[in-house]
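Engineer:
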Amino acid sequence: MTCTKCHAPLHDCQSCNGGRASGIGGRLTCSACNNTGAVCRSHGGHWK
Ligand SMILES: [Zn+2]
Ligand SMILES: [Zn+2]
């Protein structure tokens with residue numbers, strides 16, 4: 109998976125442990141990665 113903006117490899121989101129941390133009901137709600145579990149070093153979770 110790469111960033112759609114800069115095509116750099118995405119890193120696991122630190123806020124939700126790469127999407128492995130789940131909220132109530134097993135639903136991931138992370139504003140840092142926009143629920144993708146991955147972030148770009150330059151663009152954060154707004155790469156989608
Ligand atoms: Zn990027
Ligand atoms: Zn996250």
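Just so we're on the same page, the working numbering is the position in the sequence shown counted from 1, plus 108.
Idealized CB from N, CA, C, for every residue including glycine.
Does at least one heavy atom of ligand 1 sit under 6 angstroms from the Cβ of Ala-129?
Structural biologist: No, the beta carbon of Ala-129 sits no closer than 6 angstroms to any heavy atom of ligand 1.
Engineer: Buried or exposed, going by whether 16 or more other CB atoms sit within 10 Å of the CB of Cys-114?
Structural biologist: When all chains shown are included, Cys-114 counts as exposed.
Engineer: So who's on the other strand from Cys-148, going by DSSP bridges?
Structural biologist: According to DSSP, Cys-148 bridges with Gly-152.
Engineer: By the three-class DSSP mapping on this structure, what secondary structure does His-119 have?
Structural biologist: Reduced to three states, the DSSP call for His-119 is strand.
Engineer: Looking at C-alpha atoms only, which residue of Cys-148, Ser-150, Pro-117 and Thr-144 is the closest neighbour of Ala-129?
Structural biologist: If we check each option's Cα against that of Ala-129, Thr-144 comes out closest.
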